[in-house]
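A.B. asks: With the sequence shown counted from 1, adding 150 to any position gets you the working numbering.
C-beta atoms are modelled at their ideal positions from N, C-alpha and C, and glycine is treated no differently.
Computed from a prediction, not measured in an experiment: that's the story for all the values here.
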Amino acid sequence: QIYYSGTRDIKKNYKEAIRYFTQIIDKKGPIPKDKAKKKEAKQVGQAAGYLGLMHWRGEGVKADVKTAYRWFQEGLAYDDPISQNAVGLMYKNGIVVEENQRVALHYFKLAATQEYSEAEINLALEYVQDDQTLPVAIELLNKAAESKHLLAYWYLGQLNDQGYTASRSCRVSVHYYKAISEAGDWLHPTIENGFSAYTIGDQENALLYYMLAAERGYEIAQSNVAFLLDPDRRLWDFMPLLTKKTKVKDENAENNAFIYWSRSAHQNNVDARVKMCDYYYKGIGTKTDYEKAAACYRNAAEDYRSPLAYWNLGWMYENGVGVQKDLPLAKRAYDLALENDADAYLPIKLSLLSWWKNWWTLSLTGNNEVTK
């Protein structure tokens with residue numbers, strides 16, 4: 151899959167992709183009969199599906215729809231969603247097989263139940279033609295959009311723009327169209343140029359390119375600018391212990407970092423939102439405001455299920471910072487942090503030990519803050 155799709159560091163190489171996919175097929179055993187074993191052997195089905203696509207599109211081989219169909223049939227035996235969706239398209243358009251819309255719909259449904267975004271879109275395009283099934287079509291497109299599928303963004307933007315959704319909104323349409331435009335491979339890709347500069351250690355040019363993209367509204371560029379300007383990104387800073395020199399405070403950088411974290415946060419970047427909360431709490435780039443910090447953490451926790459926001463909110467409730475001291479709410483916030491991120495077990499358990507200490511201390515003294 152890496153050679154087929156390519157990455158930042160590895161270029162597409164269809165010949166190599168075919169070689170590896172073929173090796174997977176060659177090592178296959180007998181086709182499993184029960185669903186559990188089919189799931190274990192899903193890589194065989196995926197390899198067959200990709201080989202089918204490559205023969206259909208002529209990627210690394212001469213285009214041959216009949217060979218593609220044979221590979222898709224191989225993939226169907228393993229319940230491969232790529233193959234199911236492709237066979238559905240073949241039946242829909244009468245390619246190799248006789249056109250049959252009912253059979254096409256059947257295969258689209260099979261692939262869509264496995265949350266394959268291409269099939270969700272194809273199935274949605276069938277349902278969108280009838281007013282009764284329009285809500286189902288929109289639901290399918292929303293599912294595909296969660297996988298960041300650009301076609302799903304396009305169709306949702308169109309449906310919203312033309313008033314086919316429950317509540318028409320220009321803002322929603324712009325959101326989808328913007329997401330598509332930001333994914334484009336433009337002549338002067340400022341984000342790519344910024345990343346290239348950053349990887350070679352040229353932070354000055356990286357910042358320049360990212361700022362250009364950030365001012366155009368690219369969320370990822372806004373968060374990258376904030377990161378580069380962020381004076382609060384070191385977890386441990388021992389320099390004050392080693393020297394008497396005080397660190398020079400760059401207020402301009404702090405103010406700009408706060409601005410870009412805020413902009414990124416308002417484009418639904420949960421990590422940026424938590425950083426914005428940190429800035430309110432620590433007074434970086436803005437005045438220290440514990441109440442705003444608490445409200446900000448609450449928003450990140452309740453709307454985005456951020457474990458770090460829950461943890462910070464728990465600490466604020468435990469210590470009465472920015473909110474009224476409330477140990478039950480603090481305990482609930484800590485529990486939700488652990489529920490949303492099991493990897494944070496150690497720091498949260500340490501916080502809970504502190505919480506239990508406070509609980510027992512207040513209980514023994516008869517302080518009514520325990521039950522507030």
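Please work out which residues of its chain come closer than 6 angstroms, Cβ to Cβ, to residue 286, disregarding the five sequence neighbours upstream and downstream, and give them in chain order.
C.D. replies: Here residue 286 refers to the residue found at position 136 of the sequence shown. Closer than 6 angstroms at the Cβ level, and outside the excluded window around residue 286, lie 277.
A.B. asks: For residue 511, count neighbouring Cβ atoms within 10 angstroms of its own Cβ and tell me buried if that reaches 16, exposed if not.
C.D. replies: For the purposes of this step, residue 511 is identified with residue 361 of the sequence shown, where counting begins at 1. Burial call: exposed.
A.B. asks: To which residues of the same chain is residue 428 closer than 7 angstroms at the C-beta, ignoring the five residues directly before and after it?
C.D. replies: For the purposes of this step, residue 428 is taken as the residue at position 278 of the sequence shown. Correct list, in chain order: 382.
A.B. asks: Measure from the alpha carbon of residue 450 to the alpha carbon of each residue in 419, 238, 248, then state which is nearest.
C.D. replies: Counted from its first residue, the sequence shown places residue 450 at position 300. Comparing Cα positions, the closest option is 419.
A.B. asks: Considering only residues of the same chain and omitting the five flanking positions on each side of residue 168, which have a CB-CB separation below 8 angstroms?
C.D. replies: Mapped onto the sequence shown, residue 168 falls at position 18. Same-chain partners within the cutoff: 201, 204, 210, 211.
A.B. asks: How long is the line joining the alpha carbons of residue 217 and residue 302, rounded to whole angstroms?
C.D. replies: The sequence position of residue 217 within the sequence shown is 67, counting from 1. The sequence position of residue 302 within the sequence shown is 152, counting from 1. Using only the alpha carbons, I get a separation of about 29 angstroms.
A.B. asks: To the nearest angstrom, report how far apart residue 354 and residue 231 are at their CA atoms.
C.D. replies: For the purposes of this step, residue 354 is identified with residue 204 of the sequence shown, where counting begins at 1. For the purposes of this step, residue 231 is identified with residue 81 of the sequence shown, where counting begins at 1. Using only the alpha carbons, I get a separation of about 45 angstroms.
A.B. asks: Going by DSSP in three states, residue 129 sits in which element: helix, strand or coil?
C.D. replies: This structure does not reach residue 129, given that the chain is present from 151 up to 522, and the question cannot be answered.
A.B. asks: In angstroms, rounded to a whole number, what distance separates the CA positions of residue 199 and residue 452?
C.D. replies: Taking the first residue of the sequence shown as position 1, residue 199 is located at position 49. Taking the first residue of the sequence shown as position 1, residue 452 is located at position 302. Approximately 40 angstroms, taken between the alpha carbons.
A.B. asks: Between which residues of its own chain and residue 421 is the CB-CB distance below 6 angstroms, once the five residues before and five after are set aside?
C.D. replies: Position 271 of the sequence shown, counted from the start, is the residue given in the question as residue 421. The answer is none, since no qualifying residue turns up.
A.B. asks: Please classify residue 163: does DSSP put it in a helix, a strand, or coil?
C.D. replies: As a first step, residue 163 must be located in the sequence shown, where it is residue number 13. Residue 163 falls in the coil class under three-state DSSP.
A.B. asks: Whole angstroms is fine: what's the gap from residue 347's alpha carbon to residue 317's?
C.D. replies: For the purposes of this step, residue 347 is taken as the residue at position 197 of the sequence shown. For the purposes of this step, residue 317 is taken as the residue at position 167 of the sequence shown. The alpha-carbon atoms of residue 347 and residue 317 are separated by roughly 43 angstroms.
A.B. asks: Under a Cβ-count criterion, where at least 16 other Cβ atoms within 10 Å of its own Cβ denotes burial, should residue 340 be classed as buried or exposed?
C.D. replies: Stepping through the sequence shown from its first residue, residue 340 is reached at position 190. So residue 340 counts as buried.
A.B. asks: At the level of alpha carbons, what is the spacing between residue 314 and residue 332?
C.D. replies: Against the sequence shown, residue 314 aligns to sequence position 164. Against the sequence shown, residue 332 aligns to sequence position 182. Each residue's alpha carbon lies about 25 angstroms from the other.
A.B. asks: Using alpha carbons as the reference points, say which of 237, 305, 464 lies closest to residue 447.
C.D. replies: Counting from 1 along the sequence shown, the entry for residue 447 is found at position 297. Cα-wise, what sits closest to residue 447 is 464.
A.B. asks: Can you tell me whether residue 242 is buried or exposed, with buried defined as 16 or more other CB within 10 angstroms of its CB?
C.D. replies: The sequence position of residue 242 within the sequence shown is 92, counting from 1. The residue is buried, with at least 16 neighbouring Cβ atoms inside 10 Å.
A.B. asks: Give me the residue from 378, 260, 506 with the minimum Cα distance to residue 357.
C.D. replies: As a working mapping, residue 357 is identified with position 207 in the sequence shown. Looking at the Cα atoms, 378 is the closest of the given residues.
A.B. asks: In three-state DSSP terms, what is residue 351?
C.D. replies: Taking the first residue of the sequence shown as position 1, residue 351 is located at position 201. Three-state result, residue 351: coil.
A.B. asks: Taking Cβ positions, are residue 272 and residue 300 nearer each other than 9 angstroms?
C.D. replies: Here residue 272 corresponds to residue number 122 of the sequence shown, with the count starting at 1. Here residue 300 corresponds to residue number 150 of the sequence shown, with the count starting at 1. It is not a contact, given that the beta carbons lie outside the stated cut-off.
A.B. asks: Could you pull out every residue in the same chain whose Cβ sits closer than 7 angstroms to the Cβ of residue 406, ignoring the five residues on either side in sequence?
C.D. replies: The residue labelled residue 406 in the question sits at position 256 within the sequence shown. Result list for residue 406: 379, in chain order.
A.B. asks: Thinking just about the alpha-carbon of each residue, which of 322, 165, 235, 195 is nearest to the one in residue 177?
C.D. replies: If you number the sequence shown from 1, residue 177 lands on position 27. Nearest of 322, 165, 235, 195 to residue 177, Cα basis: 195.
A.B. asks: With H, G and I counted as helix, E and B as strand and the rest as coil, what does DSSP make of residue 219?
C.D. replies: Counting from one through the sequence shown, the residue named residue 219 turns up at place 69. Helix at residue 219.
A.B. asks: Assign residue 228 to buried or exposed, taking buried as 16 or more other Cβ atoms, counted over all protein chains shown, within 10 Å of its Cβ.
C.D. replies: Reading the sequence shown from its first residue, position 78 is the one you call residue 228. Label assigned to residue 228: buried.
A.B. asks: Among 442, 498, 494, whose alpha-carbon lies nearest the alpha-carbon of residue 119?
C.D. replies: With the chain covering 151 to 522 only, the question about residue 119 has no answer from this structure.
A.B. asks: Is the beta carbon of residue 461 less than 9 angstroms from the beta carbon of residue 484?
C.D. replies: Sequence index remark: in the sequence shown, residue 461 carries index 311 (1-based). Sequence index remark: in the sequence shown, residue 484 carries index 334 (1-based). Against a cut-off of 9 angstroms, the Cβ pair of residue 484 and residue 461 comes out as a contact.
A.B. asks: Rank 466, 458, 225, 414 by C-alpha distance to the C-alpha of residue 439 and give the top, closest one.
C.D. replies: As a first step, residue 439 is located in the sequence shown; it is residue number 289 there, counting from the start. If we check each option's Cα against that of residue 439, 466 comes out closest.
A.B. asks: If you draw a straight line from the alpha carbon of residue 413 to that of residue 281, how long is it in whole angstroms?
C.D. replies: Counted from its first residue, the sequence shown places residue 413 at position 263. Counted from its first residue, the sequence shown places residue 281 at position 131. Cα to Cα, residue 413 sits roughly 38 angstroms from residue 281.
A.B. asks: In the DSSP assignment, find the alpha helix (DSSP H) that holds residue 231 and state where it starts and stops.
C.D. replies: Translated into the one-based positions of the sequence shown, residue 231 becomes position 81. Here the alpha helix (DSSP H) through residue 231 covers 231 to 243.
A.B. asks: Among residues of its own chain, excluding the 5 on either side of residue 256, which ones have a beta-carbon nearer than 8 angstroms to its beta-carbon?
C.D. replies: Taking the first residue of the sequence shown as 1, we reach residue 256 at position 106. Excluding residues within five positions, the ones whose Cβ falls inside 8 angstroms are 238.
A.B. asks: Taking 8 angstroms as the cut-off, is the beta-carbon of residue 172 closer than that to any non-hydrogen atom of the ligand COA?
C.D. replies: Summarising the ligand content, the structure contains no ligands, and the ligand COA is consequently not present.
A.B. asks: Can you give me the start and stop residues for the alpha helix (DSSP H) that residue 271 sits inside?
C.D. replies: Start at 1 with the first residue of the sequence shown, and residue 271 comes out as number 121. Residues 267 to 277.
A.B. asks: With respect to the alpha helix (DSSP H) encompassing residue 515, which residues constitute its N-terminal and C-terminal limits?
C.D. replies: Counting from one through the sequence shown, the residue named residue 515 turns up at place 365. 495 to 515 is the extent of the alpha helix (DSSP H) around residue 515.
A.B. asks: Go through its chain and collect everything with a Cβ distance to residue 268's Cβ below 7 angstroms, but skip five positions before and after it.
C.D. replies: Against the sequence shown, residue 268 aligns to sequence position 118. Closer than 7 angstroms at the Cβ level, and outside the excluded window around residue 268, lie 235.
A.B. asks: Pick helix, strand or coil for residue 336, following the three-state DSSP scheme.
C.D. replies: For the purposes of this step, residue 336 is taken as the residue at position 186 of the sequence shown. It is coil, neither helix nor strand.
A.B. asks: Taking the continuous alpha helix (DSSP H) assigned at residue 467, which residues delimit it?
C.D. replies: Taking the sequence shown and counting its residues from 1, one reaches residue 467 at position 317. Run containing residue 467: 457 to 469, per the alpha helix (DSSP H) assignment.
A.B. asks: Given residue 368, which residues of its chain have a CB within under 7 angstroms of its CB, disregarding the five upstream and five downstream residues?
C.D. replies: Counted from its first residue, the sequence shown places residue 368 at position 218. Result list for residue 368: 332, 341, in chain order.
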